[in-house]
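In our numbering, the protein residues as written are 362 to 714.
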């Protein structure tokens, strides 16, 4: 455990991602053990407790009073001058008072009463469920949590782990894993709910799938925007992806709904997508532009504390830009291809919001 923890601490400390790396396995600290000589202590009429108290008074001093200054109480510590720069030999030569002073021996050297021995305190090892555990902790140098997590994965992969040993992640690393799983579930649930709503309104299973194509198109733009701004894919940016699942489908809904309206009037699929793209271009662009302009101050980090939410705004803006542009070209092409393979009358139902 000590060897593995030392290797892990050294690897984390050598990385630029981590600071203040610590291990719960502390080496034993040097200690000075004073063992009382019973015979000499009895001869001097001193107990082990009295000798220990005398040593504490010499090294730590004795509070004999206090003075008041500026409304504060300042303690007065009485301590021998020699104690300020005292080594072991000086301590053993130091004389303490003895009840045998009535016999002409008012003081006796501490070295005559005790035997000094330098020892090392045992190392502290934690146990969890009867298993020996060493906890290694570190702080992040910056707020790039996912990059630090990838760096940790690389460090742990290179760490030679013997059999019957395991590494369990905790702290923010554990929370990140749980949050990522929860957000992925929420994203999947959001996509399912959006699809069900559109399927019930369009009374079709094909057209909602066509509209859902705008979601991966938005994801491409979000990743591009994060890369361009050198922003990591954090939990906040993943929340932006969830928001996009409900935002970017609006443009496709407006476009496909008008195409269906034209198709019911007897317009051919090719003419319908061309006319719908021309007529619905302005509403689609206005909707996207107003949303982008509303999120722009947040993405630029204006205001105190907005830098935390900036990845969310960057994700949404990047997704809206690409989905708006690509939706006007890709969805009409897919629509025409699907229409040629299906019966138009069974697939043309207007969308009512």
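No residue lacks a Cβ here, since even glycine has one placed at the ideal position from N, Cα and C.
If residue i and residue j are in contact, beta carbons under 8 Å, what's the gap, nearest whole angstrom?
i           : j           : result
residue 578 : residue 683 : 6 Å
residue 517 : residue 378 : Not a contact, Cβ separation roughly 13 Å.
residue 508 : residue 593 : 6 Å
residue 556 : residue 630 : Not a contact, Cβ separation roughly 23 Å.
residue 620 : residue 637 : 4 Å
residue 401 : residue 473 : 6 Å
residue 441 : residue 419 : 6 Å
Could you tell me if residue i is buried or exposed, where buried requires 16 or more neighbouring beta carbons within 10 angstroms of its beta carbon?
i           : result
residue 370 : buried
residue 427 : exposed
residue 676 : buried
residue 463 : Residue confidence for residue 463 is low, a pLDDT of 42 falling below 50, so the modelled location carries little weight and cannot support an answer.
residue 494 : exposed
residue 673 : buried
residue 599 : buried
residue 380 : exposed
residue 550 : exposed
residue 455 : buried
residue 492 : exposed
Is the distance from the Cβ of residue i to the Cβ of residue j below 8 Å?
i           : j           : result
residue 423 : residue 403 : no
residue 656 : residue 692 : no
residue 645 : residue 681 : no
residue 560 : residue 554 : no
residue 309 : residue 487 : Any answer about residue 309 is impossible in this case: the structure gives the chain only from 362 up to 714.
residue 641 : residue 610 : no
residue 453 : residue 478 : no
residue 544 : residue 596 : yes
residue 406 : residue 459 : yes
Whose CA, out of the options, lies closest to the CA of residue i?
i           : options            : result
residue 608 : 491, 575, 661      : 575
residue 520 : 362, 378, 638      : 362
residue 449 : 467, 514, 394      : 394
residue 685 : 560, 413, 572      : 572
residue 515 : 375, 694, 407, 690 : 375
residue 623 : 635, 613, 612      : 635
residue 457 : 590, 430, 417, 481 : 417
residue 480 : 490, 396, 540      : 396
residue 643 : 547, 689, 672      : 689
residue 552 : 598, 605, 591, 525 : 605
residue 562 : 617, 437, 436, 455 : 617
residue 587 : 436, 660, 564      : 660
residue 468 : 415, 671, 550, 530 : 415
residue 699 : 437, 687, 568      : 568
residue 648 : 525, 558, 582, 613 : 613
residue 530 : 496, 542, 522      : 496
residue 413 : 475, 429, 671, 444 : 475
residue 527 : 489, 511, 548      : 489
residue 687 : 628, 580, 632      : 580
In chain order, each alpha helix (DSSP H) run of at least 4 residues that lies wholly inside the region 521-569 = 533-563
Let me know the beta strand (DSSP E) ranges lying completely inside the region 404-428, each 3 residues or longer, listed in chain order.
-> none
Run through the region 621-692 for me and flag every whole alpha helix (DSSP H) of 4 or more residues, listed as ranges in chain order.
-> Counting only runs of 4 or more, we get 630-640, 642-661.
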